[in-house]
Amino acid sequence: MLAMMKRNLLLYFRNWSGVFFSLMGALISFVLYLVFLKQNMQSSWAHVPHATLLLDTWLIGGTLAITGITTTLTSLSQMVIDREKHITADLILTDAGPLRLQLSYLLSAALIGTLMQLAMFGIMLGYFFLADHLTVTVVQLVNVLGLMVSSSLLATAVNAVIIKGVRTLDSLSKLGAIVGTAAGFLVGTYVPIGILPTFAQTLVKLTPGSYVAALFRQFLMYDWLDVAFRHSPATRPRFEKLMGIRLDWFGLLTQHATYHIIGLIFVGALLLAVGPIGLRQRQQWRRRHES
Amino acid sequence: MLLEAKQLTQTFGSHVAVNGLNLQIARGSFTALLGPNGAGKSTTMNLLIGLTQPTAGQVIYGDEARIGVVFQSSVLDERLTVGENLQIRARQYRHVAPNKVAEVSTELGLNEFIHQRYGTLSGGQKRRVDIARALLNDPNILFLDEPTTGLDIQTRSAIWKLLQRLQQACQLTIVLTTHYLDEADAADNVYVIDQGKLVATGTATAIKARYAKAVLQLTTRDVEQLRERVTVRPTQCRGNQLTFTVPNSQVALDILTATRDLITTFEFRPGTMDDAFLALTGKEMR
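In order, the protein sequences belong to chains A and B.
Heads up: the first sequence begins at 1 in UniProt numbering, then just goes up one per residue.
Heads up: the second sequence begins at 1 in UniProt numbering, then just goes up one per residue.
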């Protein structure tokens, strides 16, 4: 399985244009913010102290969630490529077996997702440090790193379910384009969730990535929020709801509840992605041992 | 028998791809599956290697059959080097010795381009790497699906020699599909398949003797007189040239002796695998 993971990692990182395009969604969100949105949003939040730093960290949170989604999808594409080029047939005939094969795709995608989030985090933090003197504490860093792993595990599992129905590379690239474009909106990164119409807000809440984005924002923004809303704590929930720092399910979700939701989606998606293969393998094993 | 297929049948919807095929493959033998495009060769191959389950019938393997497969299309990664490709595949097996990759690379002469990316290799080099990959788990039966398609004649014969060497040196059982009929000449056993059915089986020599007619072409000074002397009707008569199809060289010799004084030149061509194949599968394109 380690050899297969090495293969998937090599294939992902040797394809430079692939790496670049898998970051496209995240880069668009970053650049879009810098070029078009930052100034506009800053002026509307001018009365809030540390508005710039709040917005910077808000953007980082959403962009990391997008990165997790798009890079794991690109990595999982290898599964479709292998299926289409009959490489899967060759691999199935080895001693590895279908379940281990599937897990190696998932684990390498999760690893790639984490690494690419780390890279994007480095790029954005570096830029905002130079531009706005943004810094993060060690606690924040540890929390964010942990969340990157959860984020990419979740994105991997969800994408693996989506990709199940994809048989050809052609439809895969179309799916990739849709996911890359839609992710920014669905995670609530291009536009804050609070200013969207109700239906769109529901869509955002149905997107697993938006919970990841919310947690990233909590970890990165809470220190600044504590300062910014010291004198008017009553308005803070309104701000958190508007910016998608906490999502609203009959009341704002706590950090714990958000983590639970992520965990449940992860387990559900993983069962859908791997379960059928595991069952089939067990049946075959049983049949072989009975005969 | 190392491998036996009994009444092997595979249908896709209403299309019958393989229809009640019986095959017997002896240990250490060289078997060629021959057939025109769409005859069901690749489907048969997939059934034999266990990649697909037959609709009916069964594939029975002898004890300790270890399978190696060279697929029709390339299954190695273009962006990885030859060495990386082989190392990664080797680690997918439980009992492959650590030096196995080095061993097969030397055996098949891959060392020259072992650090080169697979995607940059020529067709013949790629094929050799594909075969090396298939040998990683020490198979005793090697399947090759059209291993020489699209290769130039030099590479084809090199690959062919390599396979024969492997068969002899390692007691390897080889099963391959091809539509290059001359290649079947070297096989111990040939199965000619058409529309999923077995239409002929035996050694290439036996199949040729049975289904391929020899051709005798005579150029004569006197067409009329020659026609009178020969009891066999010519298949073609063009100017002063007559063409006969004869079952064997003895009949040709009889004709030549009887008409010796009338002949200016003659040409005799024994029946080829091509003739047998066309006789068996018909002349229309698929």
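Cβ coordinates follow ideal geometry from the N, Cα and C atoms, glycine included.
Treat the numbers as computed from the prediction; the structure is a model and nothing was measured.
Checking 9 angstroms against the spacing of the C-beta atoms, do residue i and residue j come in under that value?
{"i": "Ser75 of chain A", "j": "Gly113 of chain A", "result": "yes"}
{"i": "Leu2 of chain A", "j": "Arg27 of chain B", "result": "no"}
{"i": "Leu111 of chain A", "j": "Leu9 of chain A", "result": "yes"}
{"i": "Ile159 of chain B", "j": "Gln167 of chain B", "result": "no"}
{"i": "Ala276 of chain B", "j": "Tyr211 of chain B", "result": "yes"}
{"i": "Leu110 of chain B", "j": "Gln125 of chain B", "result": "yes"}
{"i": "Thr106 of chain B", "j": "Arg127 of chain B", "result": "no"}
{"i": "Phe71 of chain B", "j": "Asp138 of chain B", "result": "no"}
{"i": "Leu34 of chain B", "j": "Val192 of chain B", "result": "yes"}
{"i": "Leu154 of chain A", "j": "Ile262 of chain A", "result": "yes"}
{"i": "Leu262 of chain B", "j": "Arg233 of chain B", "result": "no"}
{"i": "Gly10 of chain B", "j": "Gly40 of chain B", "result": "Note on residue identity: the sequence assigns Gln, not Gly, to residue 10 of chain B. For Gln10 of chain B and Gly40 of chain B, yes; Cβs fall inside 9 angstroms."}
{"i": "Ile25 of chain B", "j": "Ile49 of chain B", "result": "no"}
{"i": "Tyr118 of chain B", "j": "Asp77 of chain B", "result": "yes"}
{"i": "Ile114 of chain B", "j": "Thr81 of chain B", "result": "yes"}
{"i": "Asp56 of chain A", "j": "Leu134 of chain A", "result": "yes"}
{"i": "Ile28 of chain A", "j": "Gly209 of chain A", "result": "no"}
{"i": "Asn85 of chain B", "j": "Val129 of chain B", "result": "yes"}
Shorter than 9 angstroms from the beta carbon of residue i to some beta carbon of chain B?
{"i": "Ala3 of chain A", "result": "yes"}
{"i": "Arg238 of chain A", "result": "no"}
{"i": "Leu107 of chain A", "result": "no"}
{"i": "Asp90 of chain A", "result": "yes"}
{"i": "Leu93 of chain A", "result": "yes"}
{"i": "Ile87 of chain A", "result": "yes"}
{"i": "Lys164 of chain A", "result": "no"}
{"i": "Arg282 of chain A", "result": "no"}
{"i": "Arg167 of chain A", "result": "no"}
{"i": "Ile96 of chain A", "result": "Reading off the sequence, residue 96 of chain A comes out as Ala, not Ile. Cβ-Cβ to chain B under 9 angstroms: yes for Ala96 of chain A."}
{"i": "Arg7 of chain A", "result": "yes"}
Can you check whether the C-beta of residue i is within less than 9 angstroms of a C-beta belonging to chain A?
{"i": "Glu107 of chain B", "result": "no"}
{"i": "Gln92 of chain B", "result": "yes"}
{"i": "Val69 of chain B", "result": "yes"}
{"i": "Gly50 of chain B", "result": "yes"}
{"i": "Leu80 of chain B", "result": "yes"}
{"i": "Asn99 of chain B", "result": "no"}
{"i": "Asn46 of chain B", "result": "yes"}
{"i": "Asp77 of chain B", "result": "yes"}
{"i": "Glu84 of chain B", "result": "yes"}
{"i": "Asn137 of chain B", "result": "yes"}
{"i": "Ile131 of chain B", "result": "no"}
{"i": "Ser122 of chain B", "result": "no"}
{"i": "Ile88 of chain B", "result": "yes"}
So for residue i, helix, strand or coil by DSSP?
{"i": "Val101 of chain B", "result": "helix"}
{"i": "Leu264 of chain A", "result": "helix"}
{"i": "Thr245 of chain B", "result": "strand"}
{"i": "Tyr61 of chain B", "result": "strand"}
{"i": "Arg79 of chain B", "result": "coil"}
{"i": "Arg246 of chain A", "result": "coil"}
{"i": "Tyr93 of chain B", "result": "coil"}
{"i": "Leu93 of chain A", "result": "coil"}
{"i": "His256 of chain A", "result": "helix"}
{"i": "Asn46 of chain B", "result": "helix"}
{"i": "Gly123 of chain B", "result": "helix"}
{"i": "Val70 of chain B", "result": "strand"}
{"i": "Arg269 of chain B", "result": "strand"}
{"i": "Val35 of chain A", "result": "helix"}
{"i": "Ala17 of chain B", "result": "strand"}
{"i": "Ile25 of chain B", "result": "strand"}
{"i": "Leu110 of chain B", "result": "coil"}
{"i": "Val142 of chain A", "result": "helix"}
{"i": "Ala56 of chain B", "result": "strand"}
{"i": "Val48 of chain A", "result": "coil"}
{"i": "Gln116 of chain B", "result": "coil"}
In its own chain, which residues sit with a C-beta less than 6 angstroms from the C-beta of residue i, not counting the 5 before and 5 after it?
{"i": "Thr71 of chain A", "result": "Ser22, Ile112, Gly113 and Met116"}
{"i": "Trp45 of chain A", "result": "Ala51"}
Here's a check: name, in chain order, each residue in its chain whose Cβ is nearer than 7 angstroms to the Cβ of residue i, leaving out the five neighbours to either side.
{"i": "Gln102 of chain A", "result": "Val274 and Ile277"}
{"i": "Ala187 of chain B", "result": "Phe30, Thr31, Ala32 and Ala204"}
{"i": "Met124 of chain A", "result": "Phe30, Ile60 and Thr63"}
{"i": "Tyr33 of chain A", "result": "Leu59"}
Tell me which same chain residues have a C-beta within less than 8 angstroms of the C-beta of residue i, skipping the five on either side of it?
{"i": "residue 354 of chain B", "result": "Residue 354 of chain B is absent from the model: chain B starts at 1 and stops at 286."}
{"i": "residue 294 of chain A", "result": "The requested residue 294 of chain A does not occur in the structure, where chain A is confined to residues 1 to 291."}
{"i": "Gly83 of chain B", "result": "Val101, Ser105, Ile114 and His115"}
Determine, for residue i, whether the minimum Cβ-Cβ distance to residues of chain E falls below 9 angstroms.
{"i": "Leu11 of chain A", "result": "Included in the structure are the protein chains A and B, with no chain E among them."}
For the region 195 to 235 of chain B, list the beta strand (DSSP E) runs that are entirely contained and at least 3 residues long, ordered along the chain. 197 to 202 and 214 to 220
Would you mind listing the beta strand (DSSP E) stretches within the region 130 to 173 of chain B that are 3+ residues and don't spill past its ends, in chain order? 141 to 145
What ranges does the alpha helix (DSSP H) occupy inside the region 150 to 229 of chain A, keeping only unbroken runs of at least 4 residues that lie completely in it? 169 to 186, 198 to 206 and 208 to 228
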